[in-house]
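Trainee: First the structure, then my questions, so here it is.
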Amino acid sequence: SGAFDPLAAIAEAIAWAAPDAADRPWLHVDAAHAGAACVCSEYRPMLEGVAQADSFCFNPHKWLLTNFDCDAFWVRSRDDLTRAMSITPEYLRNPATDSGRVVDYRDWHTPLGRRFRALKLWFVLRHYGADGLRAHIREGVRLAALFEELLRTDARFEQATPRSLNLVCFRPRPRLHDTPAAADARTRALMDRLNADGRMFLTHTLLPPADGGCPDARLVMRLCVGATTTRETDIREAFALIRTVLNSLD
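Letter by letter, the sequence shown follows residues 5 to 254 of our numbering.
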């Protein structure tokens, strides 16, 4: 759903529960999708408290125009990581690593080798620049907000959660006689027909009911805007297609 955890409050609770740093749980921030938005200054407040985390990552291949796979990873103290991961059999020893002149990334993860993922990200940064990447993020958010507005024009749809950046979670509003299972089946049927059509593609997730009145999670569809070629006309045509397919179901 694109929800954000209150990092500052979590870090404060960890510090309260484990005053001794040696016994403190590791706080990792997985900003896989939304972390890319922080190239824009207006979205950085959502990471308030991240400075208290032990590690942080986001995936440029999700929204920052980089081919799969590419993860950007920071760690507060690399010694904590290398002490847990490093192995130094004789055949892996070399003067550069032993002297500390280089950072040996084999000590940062389980495999000994790694692909040169940073190169493709470097190309993206060089091609688009900071301003280009910010414009891409802001356009995705703007178009998702447009889809959110279109949803509100048709009472047959409900938004499952508040829009999160470029992600909108929604479903057909259950009819008066629909059981939770029937409502989910109708949502899935709509999504399957839209995806089979091939002009747009939606994913789904399960979310707790907004009113808390039903113990079962509800199936919702997710529309996410992330391509550089997506235009306002695409969003309007996508919404029109969703309405047309729902008409055929009802």
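Glycine residues also receive a C-beta, built at the ideal position from the N, C-alpha and C atoms.
Can you give me the C-alpha to C-alpha distance between Ser-81 and Pro-99, rounded to a whole angstrom?
Mentor: 23 Å
Trainee: Determine the burial state of Glu-16: buried for a count of at least 16 other Cβ atoms within 10 Å of its Cβ, exposed for fewer.
Mentor: Exposed, since its Cβ has fewer than 16 Cβ neighbours within 10 Å.
Trainee: Start and end of the alpha helix (DSSP H) containing Asp-196?
Mentor: 184 to 201
Trainee: What do you reckon, are the CB atoms on Val-249 and Leu-147 nearer than 8 Å?
Mentor: no
Trainee: Below 8 Å on the Cβ atoms is my contact criterion, and I expect Gly-53 with Ala-12 to pass it. Report the Cβ-Cβ distance as a whole number of Å.
Mentor: 3 Å
Trainee: Assign Thr-70 to one of three DSSP states: helix, strand, or coil.
Mentor: Reduced to three states, the DSSP call for Thr-70 is coil.
Trainee: In or out: Met-89 buried (at least 16 other Cβ within 10 Å) or exposed?
Mentor: exposed
Trainee: Below 8 Å, how does it come out for the stretch 188 to 204 and the stretch 53 to 64: are there three or more Cβ pairs, yes or no?
Mentor: no
Trainee: Report the three-state DSSP secondary structure of Cys-218 (helix, strand or coil).
Mentor: Low confidence applies to Cys-218: its pLDDT is 49, below 50, so where it sits in the model is not reliable enough to give any reading.
Trainee: So, using beta-carbon positions, are Leu-206 and Leu-227 closer together than 8 Å?
Mentor: yes
Trainee: Is it the case that the stretch 121 to 128 contacts the stretch 149 to 169, given that we only count it when at least three CB pairs across the two stretches are under 8 Å?
Mentor: no
Trainee: What is the rounded straight-line gap between the Cα of Val-43 and the Cα of Leu-137?
Mentor: 7 Å
Trainee: Return the CA-CA distance between Leu-223 and Thr-165, expressed in angstroms with no decimal places.
Mentor: 12 Å
Trainee: Identify every residue that forms a DSSP beta bridge with His-208.
Mentor: In DSSP, His-208 forms a bridge with Met-225.
Trainee: When burial is assigned at 16 or more other CB atoms within 10 Å of the CB, is Asn-71 buried or exposed?
Mentor: Exposed.
Trainee: Taking the beta carbon of Ala-188 as the centre, do at least 16 other beta carbons fall within 10 Å, making it buried, or is it exposed?
Mentor: Residue 188 is actually Asp in this sequence, not Ala. The residue in question, Asp-188, is buried, as its Cβ has 16 or more Cβ neighbours within 10 Å.
Trainee: Where does Ser-59 fall in DSSP's three states?
Mentor: strand
Trainee: Check whether the stretch 169 to 185 touches the stretch 139 to 146, counting contact only when three or more Cβ pairs, one atom from each stretch, lie closer than 8 Å.
Mentor: yes
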